Amino acid sequence: MSYEADQHCDSLSGTTIRAAALSVPPSVRAPGRERRAKFAAGLGASLLLGAAVLCVEMRSATSRVSPEALHVEGRTVSYSAAFAAQAGIRTMEVREVPFSPIVSASGLASFDPAFVASVGANALGTVRRVAKYEGDSVKRGEVLAEIGSPAEARREAAGSLRNHELPRGTLGVSRLRSPLEGSVVERRIITGQWVRGESVVFVVANLDRLSLALSVDEAQARRLSVGDRVELSHEQSVATLSTGTVQEIEAAPTKAAGMKLQVRVGVDNHARELRPGQAVSARIFASSNRQALLVPNRALVWISGQPAVFVSAGDNRASARAVALGSCDGEQTEVRLGLASGQRIVSDGVPSLKEASFL
């Protein structure tokens, strides 16, 4: 058979088409295989890189804190010089120094007892007129309300007849007057209401002065004096709202108060920063100056729920020791038991030392 016999004729084009193998571009052949190969190569490189980084970090961590850096025996911790440098551990000697503590407490602002008054109805009768309402300012002696009393009207009329005089004004009208300068903080009557003579119908207070009753631990309260300065702020805030002074310190504690004394503070409220019933925090600055053993607050640590300090036990050694704390001035705290003057304590790097020693 000849070569021409294997040829086929295309009736549409009249051209000859030879039977030949199909040619497929390399970019089309097996696309999934090449992508999988590239992905595998990239994944392998990423895993190698991650392993290298992890190895470097582990070596770095090992170099930072070696197993020999700390040794704990009971509550005594021995540490290397490298650990001390990294944690910033420093020690200091504690001494008794002059100390004026700051006592913190909280309470509710209220009316000052010396600047608040209740006004009772001075007659049995009907309220003819209410002259002042809640929030109104009043002067001493100013009329708050008028009460019409039939009994009082009869007495006044009888008196006028006996004296052969004409009645002055309306008979039987009693006027309620403010006993002090301030504001009406409570009103309990309305026009037309029938009132009894013993009823309290108004409360007037001078809001320029407020009072604060604080419950203070007996040991701290004994260090305070009448006249000590007080700064007041909202709870959960450090911004000072108002100032005041200690006016009274209870003489003896009561068991019901848990061996606490009540300290009453007079508050200057001319700026109206406080209102009666508002919860406030107080910082009382004791004026008494006495000797006390002080440690910086940063040196204190709590172990098993108890305050403690790390007492230096030689070069790169410290022992955790429980202490009893007293008053604080915001930066330093008094240690009443557990330390002696002249001892050295760890003053800096305490959190790192406690965390690393698992105490």
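According to this note's numbering, the sequence shown is numbered sequentially starting from 6. Ideal placement from N, C-alpha and C gives every residue a C-beta, glycine not left out. Because the structure is a prediction, the values reported are computed rather than measured.
Exercise for review: Taking Glu223 as part of the beta strand (DSSP E), name the residues at either end of that continuous run.
Suggested key: Reading the sequence shown from its first residue, position 218 is the one you call residue 223. Premise fails: Glu223 lies in the alpha helix (DSSP H), 223-226, not in any beta strand (DSSP E).
Exercise for review: For the beta strand (DSSP E) containing Ser247, list its first residue and its last residue.
Suggested key: Residue 247 sits at position 242 when you count from the first residue of the sequence shown. It spans 245-254 - the beta strand (DSSP E) in which Ser247 sits, taken as one unbroken run.
**Study point:** Leu358 (DSSP reduced to helix, strand or coil)
**Key:** Counting from one through the sequence shown, the residue named residue 358 turns up at place 353. Leu358 falls in the helix class under three-state DSSP.
Check your understanding: If you run the structure through DSSP and keep just helix, strand and coil, what is Gln91?
Key -> For this step, residue 91 is matched to residue 86 along the sequence shown. In the three-state DSSP reduction, Gln91 falls in the helix class (H, G or I).
Check your understanding: Where DSSP assigns a beta bridge to Ser324, which residues make up the other side?
Key -> In the sequence shown, residue 324 corresponds to position 319, counting from 1. According to DSSP, which records beta bridges pairwise, Ser324 is partnered with Thr81, Val316.
Review point. Would you say the beta carbon of Gly232 comes nearer than 7 angstroms to a heavy atom of the ligand HEM?
Key: Among the components of this structure there are no ligands whatsoever, and the ligand HEM is therefore not found.
**Study point:** Assigned exposure category for Gly335 - 16 Cβ within 10 Å defines buried
**Key:** For the purposes of this step, residue 335 is taken as the residue at position 330 of the sequence shown. Looking at its Cβ environment, which holds fewer than 16 other Cβ atoms inside 10 Å, Gly335 is exposed.
Exercise for review: Compute the distance between the beta-carbons of Ser332 and Val99, then report whether it is under 8 angstroms.
Suggested key: Working through the sequence shown from its first residue, we reach residue 332 at position 327. Working through the sequence shown from its first residue, we reach residue 99 at position 94. Val99 is positioned such that its CB atom lies no closer than 8 angstroms to that of Ser332.
Review point. Quick one, which of Arg277, Ala136, Ser154 has its alpha-carbon nearest Gly146's?
Key: The residue you call residue 146 lines up with position 141 of the sequence shown. Here the closest residue by C-alpha is Ala136.
Practice item. Could you tell me the distance, in whole angstroms, from the CA atom of Phe116 to the CA atom of Val272? Key: Counting from one through the sequence shown, the residue named residue 116 turns up at place 111. Counting from one through the sequence shown, the residue named residue 272 turns up at place 267. For Phe116 and Val272, the distance between alpha carbons rounds to 10 angstroms.
**Study point:** Own chain residues within Cβ distance below 8 angstroms of His275, not counting five before or after
**Key:** As a first step, residue 275 must be located in the sequence shown, where it is residue number 270. Closer than 8 angstroms at the Cβ level, and outside the excluded window around His275, lie Asp213.
Exercise for review: For Gly112, collect the residues of the same chain with a Cβ closer than 6 angstroms to its Cβ; drop the 5 residues on either side in sequence, then sort them by chain order.
Suggested key: If you number the sequence shown from 1, residue 112 lands on position 107. Counting only residues of its own chain and dropping the five nearest sequence neighbours on each side, Gly112 has a CB closer than 6 angstroms to the CB of Leu217, Ala218, Leu219.
Exercise for review: May I ask you to verify whether the segment 309-327 touches the segment 77-84, counting CB pairs closer than 8 angstroms and requiring at least 3?
Suggested key: Counting Cβ pairs under 8 angstroms, three or more are found: they touch.
Practice item. Name the residue from Ser309, Phe315, Gln91 whose alpha carbon lies nearest to the alpha carbon of Arg349. Key: Locating residue 349 in the sequence shown gives position 344, where the first residue counts as 1. Cα-wise, what sits closest to Arg349 is Phe315.
Exercise for review: Taking the CB atoms as reference points, tell me whether Pro103 and Gln296 lie closer together than 8 angstroms.
Suggested key: The sequence position of residue 103 within the sequence shown is 98, counting from 1. The sequence position of residue 296 within the sequence shown is 291, counting from 1. Cβ distance < 8 angstroms, so Pro103 and Gln296 count as in contact.
**Study point:** CB of Ala126 within 8 angstroms of CB of Val189, strictly
**Key:** By 1-based counting over the sequence shown, the position of residue 126 is 121. By 1-based counting over the sequence shown, the position of residue 189 is 184. A distance of 8 angstroms or more separates the beta carbons of Ala126 and Val189.
Point to revise | Bounding residues of the beta strand (DSSP E) (the contiguous stretch that carries Ala122) | key: To locate residue 122, count along the sequence shown from 1; it is residue 117. For Ala122, the enclosing beta strand (DSSP E) begins and ends at 121-125.
Exercise for review: Check the C-beta distance from Ala257 over to Val270 and give it rounded, since I have them as a contact under 8 angstroms.
Suggested key: For the purposes of this step, residue 257 is taken as the residue at position 252 of the sequence shown. For the purposes of this step, residue 270 is taken as the residue at position 265 of the sequence shown. Rounded to the nearest angstrom, the Cβ distance from Ala257 to Val270 is 19 angstroms, too far for a contact under 8 angstroms.
**Study point:** Residue from Gly232, Leu330, Asp222 whose Cα sits closest to the Cα of Ala304
**Key:** Taking the sequence shown and counting its residues from 1, one reaches residue 304 at position 299. Relative to Ala304, the option among Gly232, Leu330, Asp222 whose CA is nearest is Leu330.
**Study point:** Rounded straight-line distance, which links the Cα of Ile308 to that of Ala87
**Key:** Stepping through the sequence shown from its first residue, residue 87 is reached at position 82. Stepping through the sequence shown from its first residue, residue 308 is reached at position 303. Taking the straight line joining both Cα atoms gives about 25 angstroms.
**Study point:** Secondary structure of Arg214, DSSP reduced to three states
**Key:** Position 209 of the sequence shown, counting from 1, holds the residue named residue 214. Look at Arg214 here: in three-state DSSP terms it is strand.
Review point. Roughly how many angstroms separate the alpha carbons of Val300 and Arg228, rounded to a whole number?
Key: On the sequence shown, position 295 is the one that residue 300 refers to. On the sequence shown, position 223 is the one that residue 228 refers to. The alpha-carbon atoms of Val300 and Arg228 are separated by roughly 19 angstroms.
Review point. Per DSSP, what kind of secondary structure is Arg182 in: helix, strand or coil?
Key: For this step, residue 182 is matched to residue 177 along the sequence shown. Under the three-state reduction of DSSP, Arg182 is assigned to strand.
Review point. Does DSSP put Arg160 in a helix, in a strand, or in coil?
Key: Walking along the sequence shown from the start, residue 160 turns up at place 155. Residue state for Arg160 is assigned as helix, using DSSP reduced to three classes.
Exercise for review: Give the range of the beta strand (DSSP E) segment to which Pro103 is assigned.
Suggested key: Along the sequence shown, read from residue 1 onward, the residue named residue 103 stands at position 98. Counting along the chain, the beta strand (DSSP E) containing Pro103 begins and ends at 101-104.
Exercise for review: Using alpha carbons as the reference points, say which of Gln225, Ala122, Val328, Ala224 lies closest to Gly310.
Suggested key: Working through the sequence shown from its first residue, we reach residue 310 at position 305. With distances taken between Cα atoms, Gly310 lies closest to Val328.
Check your understanding: Between the Cα of Arg193 and the Cα atoms of Val209, Glu255, Pro312, Arg341, which residue gives the shortest distance?
Key -> As a position in the sequence shown, residue 193 is number 188, starting the count at 1. Among Val209, Glu255, Pro312, Arg341, the Cα nearest to that of Arg193 belongs to Val209.
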